[in-house]
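Trainee:
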Amino acid sequence: MTVILRHLGAAFSVNNLPSRRRPATKVAIIQLITLSAFTAFGRFDLALLASLGLFAVLYAPDAPYRRRLIVVSTVALALFVCALLGIAVGGSSPLLLVAVIVLSSAASFACTALLVGPPAAYFLMLGCGVVNYMVYQHDMPASHVLLMTLVGGAVAVVGTMAELATQPHLPEKKAVSAAIAAVDTYAESAPGESARPLQRKASAALHSAWTALDDAAPLFPRGPWAGRRMTTLNALRDDVESAEYRFNVRLGDAAAHYFTGNRLNSDASSGLFDRMVGSAGASSGRPKARVLLSHALSWPSENLVTASRVAVATIIAGLVTLALNGEHIYWSTAFAAVALHMGGARIIQSYRAVNRLAGTVLGIGLFTLIVWASPSPWSLVVILVSLQLLVELFVAKQYALATLFITPLALLISVGGQIPDDPWPIMAERLLDTVIGVVAAFIAIWLFGRAMPAKVLRAQTSRTLRSAAAFISAPDDSDSRDSLYTDLRLLDSVAGAVTTEEGGSDAVHNGREIANIGYLLIGTRTLDAARWNDARIEKVRTLMLNASEELGDGGRQMDARIDSLLTQLAASIEITER
């Protein structure tokens, strides 16, 4: 009983994250303007159809404008393609199921691989089925659905970029200010273990600042406004470089403690790793899309395993729904996939599924109250905008609470705003579909690929070793650095997920040690206070390739390999100044 209560407490806990009032308000205002415009002309039905494309505005709400434009435009186009696919399969439930399975898996893979961020693949998975339901069960004209999805997407792009007119550099200025403040706090701290959290925070802030500046670069560098924009961005870059210099000076002071003479003291080297993570990640910026995709496509990867689990869950949910003659395949399959599509540890995915079930049950009740109130079109506009605002406020803090508001929002859109006289059949069907989806998700989580987390960790550790060896061969090549840093971040993610499930296993220990070595390589290459001994570092490269092959054979001698790597690496790094 105690274990159950502990898991329930963890599942329904409130995340301590920054407020989302600003992006939530922006989304609500854009939706209010869109819905009001169509409703004023007596076409509330078209307003709801536009919502299918308007969901694109939920993506990258705080990103620099160039990144935001690319992400929102791409998602808007993807939502249109999903709508087109939902219409193309016709009224055939088996064809719709095949389309949803393929779409859900592909969208999940793409969003996790490319670091799209919430709401990730959710609306892409839902859109195809909702459009199919609207056209073939509610007799809405397909041309209207497609046209309004395009209109909604266009409004999303214009709306999310509207801030550019009044605050053209707000996102990157906020990121740079946060980095400077974090570095100043770290630089003023006393050396010792208490400074480590400050170092991590400063490192993350610098990384975010560089990423924001990369994302803010003009989309058309030769355009008429590009020169003025680059002047501001260059000034911000100077500010970040100054902060990074202070950060690296502080890192150099901390690193000196771990050197004896001009050699790294291997007995104390573990204390240096944490500091080197900062230098490794601070100026890396956003990895290139081709690098992210190439790493994600290497089997077994966390991205491919997540996409496979999504496929299994949607197949189970869809087949059960078909067997029960259900009419809402899109609902059960979307609910099966929603707990899985962002990946992570299986226990976290399970928490997400439980949250989804609880929130949906309560959300169906809220939908019933709305139906009983028989709201007018203008009242529905207020209700829909309020629901969207609440979803955005709570989606990151408490998923069950967000789902409470997502459910009536999705139901109102799916029925085209046509309030049913009797809500009970819809309630019963949606509740059954939800249970089917959640059960399918649990089956995919706990019965499919139970040994995969450890295999993924071992494979990712091996890939990181190969990337580290390639980086040693070409340390000044941006592609080799990007590749190693991407592998290190993936290794951190996979090791964290396995730790959550299995605790400190040998595979986790080995993975974290290899990650430390990788960060140390990039960090010492970045710091002015250190350099490599070329002859010795070549031996490190050979040891890494041998260790990678050892992992491929099961990794039985990895402890000895890692010890040799640490010893040789310690002898390969020289301190050049204090």
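Under UniProt numbering, think of the first position of the sequence shown as 1, with each following residue one higher.
The beta-carbon is built from N, C-alpha and C at its ideal position, and this holds for glycine as well.
Everything numeric in this text was worked out from a predicted model, so none of it was measured.
(1) Below 6 Å CB to CB, which residues in the same chain sit around R525 once its five sequence neighbours on both sides are set aside?
(2) If we ignore side chains and look at the alpha-carbon of each, how far apart do L387 and I348 end up?
(3) Under 8 Å by Cβ, that's how I've got L340 and I445 pegged, so tell me the actual separation to the nearest angstrom.
(4) Counting Cβ pairs closer than 8 Å, one from the region 170-177 and one from the region 446-454, do we hit at least three?
(5) May I ask you to report which of helix, strand or coil DSSP gives W532?
(6) Alpha carbon to alpha carbon, how far is L103 from L146? Give it in angstroms, no decimals.
(7) If contact is defined by three or more beta carbon pairs under 8 Å, each pair taking one atom from either stretch, is the region 309-321 in contact with the region 417-427?
(8) Between which two residues does the alpha helix (DSSP H) holding Y186 run?
(9) What first and last residue would you give for the alpha helix (DSSP H) that runs through Y122?
(10) Give me whichever residues DSSP pairs with residue 591 in a beta bridge.
(11) Note down the Cα distance separating A345 from G496, rounded to an integer number of angstroms.
(12) Assuming T39 and W378 form a contact by the criterion Cβ under 8 Å, report the distance between their Cβ atoms to the nearest whole angstrom.
(13) Does the region 393-405 come close enough to the region 61-68 that 3 or more CB-CB pairs lie under 8 Å?
(14) Which residue from A243, L569, V291 and R67 puts its Cα closest to that of M161?
(15) Measure the C-alpha to C-alpha separation of R531 and A400 and round it to an integer number of angstroms.
(16) Does the beta-carbon of L233 have 16 or more other beta-carbons within 10 angstroms, so that it is buried, or is it exposed?
(17) At a cut of 8 Å, does the region 148-157 reach the region 72-87 through at least three beta carbon pairs?
(18) Can you name the start and end residues of the alpha helix (DSSP H) that residue 602 belongs to?
(19) Would you say P119 and L58 are within 9 Å of each other, going by their C-beta atoms?
(20) What's the C-alpha gap between A110 and L52?
(21) Could you tell me the alpha carbon to alpha carbon distance between L124 and S36, rounded to whole angstroms?
(22) Can you give me the Cβ contacts of S13 inside the same chain, cut-off strictly under 6 Å, excluding the 5 residues immediately before and after it?
(23) Answer with buried or exposed for G227, where buried requires no fewer than 16 other C-beta atoms within 10 angstroms of its C-beta.
(24) Which whole-angstrom value describes the C-beta separation of A307 and S108, a residue pair presumed to lie in contact below a C-beta threshold of 8 Å?
(25) Taking the continuous alpha helix (DSSP H) assigned at N355, which residues delimit it?
(26) Quick one: grab the DSSP three-state call for residue 579.
(27) Is it buried or exposed for N510, if we count other Cβ within 10 angstroms and need 16 for buried?
(28) Using the C-alpha atoms, what's the distance from A113 back to N303?
(29) Apart from the five residues on each side of it in sequence, which residues of its chain come closer than 6 Å, Cβ to Cβ, to V183?
(30) Under 8 Å Cβ to Cβ from D274, same chain only, skipping five residues before and after it: list those, please.
(31) Among residues of its own chain, excluding the 5 on either side of T486, which ones have a beta-carbon nearer than 6 Å to its beta-carbon?
(32) Here's the rule I'm using: 16 or more other beta-carbon atoms within 10 Å means buried, otherwise exposed. How should N516 be labelled?
(33) Nearer than 8 Å: is that true of the beta carbon of I101 relative to any heavy atom of the ligand PLP?
(34) If the criterion is Cβ atoms closer than 9 Å, does the pair A459 and Y122 meet it?
(35) Under 8 Å: do the region 347-364 and the region 460-468 share three or more Cβ pairs, one atom per stretch?
(36) Check each candidate in P141, S298, A47 and A469 and name the one with the smallest Cα separation from G152.
Mentor: Reading it off the structure:
(1) For R525, where only same-chain residues beyond five positions count, the Cβ hits under 6 Å are P475.
(2) Between L387 and I348, the alpha-carbon positions lie close to 26 Å from each other.
(3) That pair is a contact at about 7 Å.
(4) The region 170-177, when compared against the region 446-454, does not touch it at the 8 Å Cβ threshold.
(5) W532 sits in a strand when the DSSP states are folded into three classes.
(6) Computed Cα separation, rounded: 18 Å.
(7) Output reads no: the region 309-321 does not touch the region 417-427.
(8) Here the alpha helix (DSSP H) through Y186 covers L170 to A187.
(9) Looking at the DSSP string, the run of the alpha helix (DSSP H) that includes Y122 is Y122 to Q137.
(10) In the structure as shown, the chain starts at 1 and stops at 578, and residue 591 therefore has no counterpart that could be examined.
(11) In a straight line, the C-alpha of A345 is about 8 Å away from that of G496.
(12) Correct: roughly 6 Å between the Cβ atoms.
(13) Taking a contact to require three or more Cβ pairs closer than 8 Å, the region 61-68 and the region 393-405 do not qualify as touching.
(14) Closest by alpha carbon: R67.
(15) Using only the alpha carbons, I get a separation of about 51 Å.
(16) Looking at its Cβ environment, which holds 16 or more other Cβ atoms inside 10 Å, L233 is buried.
(17) Flag = yes, the region 148-157 and the region 72-87 touch.
(18) An answer regarding residue 602 cannot be provided, because it is not within the stretch 1 to 578 covered by the chain.
(19) Yes, Cβ-Cβ distance for P119 and L58 is below 9 Å.
(20) Distance between the alpha carbons of A110 and L52: 20 Å.
(21) Rounded to the nearest angstrom, the two C-alpha atoms are 25 Å apart.
(22) Excluding positions up to five away in sequence, the list is empty.
(23) Label assigned to G227: exposed.
(24) With a Cβ gap of about 5 Å, A307 and S108 count as contacting.
(25) In the DSSP assignment, N355 falls within the unbroken alpha helix (DSSP H) covering R346 to A373.
(26) Because the chain is modelled from 1 through 578, residue 579 falls outside the range shown and cannot be assessed.
(27) Classification of N510: buried, given that the 10 Å Cβ count is 16 or more.
(28) Rounded to the nearest whole angstrom, the CA to CA distance from N303 to A113 is 6 Å.
(29) The residues are A202, A243, R246 and F247.
(30) Here the model assigns D274 a pLDDT of 45, short of 50, so the residue's position is not dependable and the matter cannot be decided.
(31) These residues qualify, in order along the chain: P287, V291 and H295.
(32) N516 comes out buried.
(33) Ligands are entirely absent from the displayed structure, and the ligand PLP is therefore not among its contents.
(34) Cβ atoms of A459 and Y122: not closer than 9 Å.
(35) In short, these stretches do not touch, since the Cβ pair count stays below three.
(36) It is A47 whose Cα lies nearest to the Cα of G152.
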